[in-house]
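In terms of the working numbering, the sequence shown has 1171 at position 409, counting the first letter as 1, and numbering is strictly consecutive.
Every residue, glycine too, gets a C-beta built ideally from N, C-alpha and C.
It should be emphasised that the depicted structure is a prediction, and the values quoted were computed from it without experimental measurement.
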Amino acid sequence: MKQKAVSLRLIIMNFLEFAVWGSYLTSMGSYLAGIGMGPKIWLFFAMQGFVSIFMPALMGIVADKWIPAQKTLSLCHLLAGLSMLAAGFYAMTSPQVDFGPFFLLYGISVAFYMPTLAIANSVAYSALEGAGMDTVKSFPPIRVFGTVGFICCMLLVNFVKNGQGIQLQHSYEQFLVSGGLSIVLAAYSLSLPACPCKPEGENSQSLADTLGLTAFKLFRDRQFAIFFIFSMLLGASLQITNGYANTFITSFKAMPEYASAWGANNANALISLSQVSETLCILLIPFFMKKFGIKKVMLIAMFAWVFRFGFFAIGNPGAGVWLFILSCIVYGVAFDFFNISGSLYVNENTDKSIRNSAQGLFMLMTNGLGASIGTWAAGRVVNACVYNAQTPDWGKAWYIFACYALVVGVLFAILFKDPQKKNN
């Protein structure tokens, strides 16, 4: 009975954790484009990558040494929620939304939200172990409810309209929803099982270990150097569709032939199929890993990004909506197969003494440097093809992204050797 109660509490935590993010992540670009900040969309997504370079590690130190993880989770969500609410209220009360103050409030919010992704996992692991449960078996069914929460809030902001009849996905209200949920989770986190700080000297790590810096010596190994460089290159693709897919699909409403198309008017609901696919593809990874090995699984992910972008380039929300649906289906393969297989590669091919540090480096290269550089580059491409062009051409931008993913995949196939698992 205790184990079921713990599982339920962690399911609620994961649901809220990702509901906070799903409220705005895929629809924020549409709102920004609507208030004249289309050319600056990349900055908002690059900020998530930038803060991911250092904030998770810093807040992890706080949780390890001074404030129990469940209270650190609460504190982070309180600060993230208040900042996001402030951003929403600023947009609501200002006749003209200025980039500076709005971006500052948003930046503070994501700076405290991004660490919670890791802290929430730590809270879950601690609670499961405290209840005598196997984390490897028990955590995945719990974590999947995080994706369910993400999808539910995507659909919420898609179908709910404000007093002016505007869908929340195109309005500042999406930030109010996110901030409100974050405050709810801040309060709920205080009720979660305690996660004591580590006693001084117990399983202590140096600051270099915590930040993933010790693992930089892996760059001396040619294959690891290639792996981490390509992790950064592919990480550049991670936030592109989160930043621009909604804006792109919604832009078809300006064309008479697509103005009444379901897809053009329900972009977030359409994009939510990507998260559904992501949930299902997690279940396929064990089979594919056993059948094809890590290199081939990672290559499948890389070439899936080619199709993800390519289907967007040739699809439309009318008769071609099936191409958008295919793009959403392959997203699960593109995202899960790369992130999870890459993490497994690190786990199986590094010494135990630096394994945690190596995982930190993998996340730094993908969600930190890769995502930051990628959103900057994507912003340059979209601005050149769409916002600064006499005739906006979204298809050209998607083709460029597809070609980039293709080149990365081909080079990886040539340069990276299929590793043999090390027994460390």
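Contact between residue 1001 and residue 1137 holds, since their C-beta atoms are separated by about 5 Å, short of 8 Å. Close CB contacts of residue 813 within its chain, under the 8 Å cut and outside five residues either way in sequence, are with 869, 872, 873, 876 (chain order). In the three-state reduction of the DSSP assignment, residue 985 falls in the helix class, which pools H, G and I. Here the alpha carbon of residue 1050 sits roughly 43 Å from the alpha carbon of residue 928. By the Cβ criterion, the segment 992 to 1011 is not in contact with the segment 1052 to 1059, since fewer than three pairs of Cβ atoms, one from each stretch, lie closer than 8 Å. A direct Cα-Cα distance of roughly 14 Å separates residue 1172 from residue 1180. Bridge partners of residue 923 according to DSSP: 929. Contact between residue 1074 and residue 1065 does not hold, since the beta-carbon distance rounds to 15 Å and is not under 8 Å. Distances from the alpha-carbon of residue 1031 to those of 1046, 1079, 988 put 1079 closest. Distance check between residue 821 and each of 1043, 1011, 1156, 959 places 959 closest, using alpha-carbon atoms only. In this structure residue 789 is in contact with residue 919, their Cβ atoms being roughly 6 Å apart against a cut-off of 8 Å. Note on residue 1155: under 16 other CB atoms within 10 angstroms of its CB, so exposed under the neighbour-count rule. For the pair of segments examined, the segment 800 to 820 was found not to touch the segment 842 to 851: the number of CB pairs separated by less than 8 Å stays below three.
Look at residue 1153 here: in three-state DSSP terms it is coil, with no helix or strand label. Relative to the Cα of residue 880, the nearest Cα in the group 930, 913, 1020, 817 belongs to 817. When rounded, the separation of the alpha-carbon atoms in residue 922 and residue 882 is 29 Å. In this structure, 824 is the residue among 1100, 1120, 824 with its C-alpha nearest to the C-alpha of residue 957. When the five nearest sequence neighbours on each side are left out, the beta carbons in the same chain lying within less than 7 Å of the beta carbon of residue 1167 are those of 999, 1064, 1067, 1068, 1071, in order along the chain. Contact holds between the segment 847 to 866 and the segment 931 to 945, because three or more Cβ pairs, one in each stretch, are under 8 Å apart. Non-local beta-carbon contacts of residue 912 in its own chain, meaning distances under 7 Å to residues more than five positions away in sequence, involve 780, 781, 783, 784, 1037 in chain order. When the alpha-carbon of residue 933 is set against those of 1165, 793, 979, the nearest one is in 793. C-alpha of residue 1150 to C-alpha of residue 1142: approximately 10 Å in a straight line. By the beta-carbon neighbour count (other beta carbons within 10 angstroms, threshold 16), residue 858 is exposed.
Here the alpha carbons of residue 777 and residue 910 stand approximately 7 Å from one another.
With respect to the C-alpha of residue 1045, the residue from 1095, 851, 786 having the closest C-alpha is 1095. In the same chain as residue 803, and ignoring 5 residues on each side of it, the C-beta atoms closer than 6 Å to its own belong to 791, 794, 1005, in chain order.
With a cutoff of 9 Å on beta-carbon distance, residue 951 and residue 841 are scored as not near each other. The shortest CA-to-CA distance from residue 799 to any of 1093, 773, 853 is the one to 853. When secondary structure is reduced to three states using DSSP, residue 1024 falls in the helix class. Cβ contact annotation for residue 1061 (same chain, cutoff 7 Å, sequence separation greater than five): 1171, 1174, 1175, in chain order.
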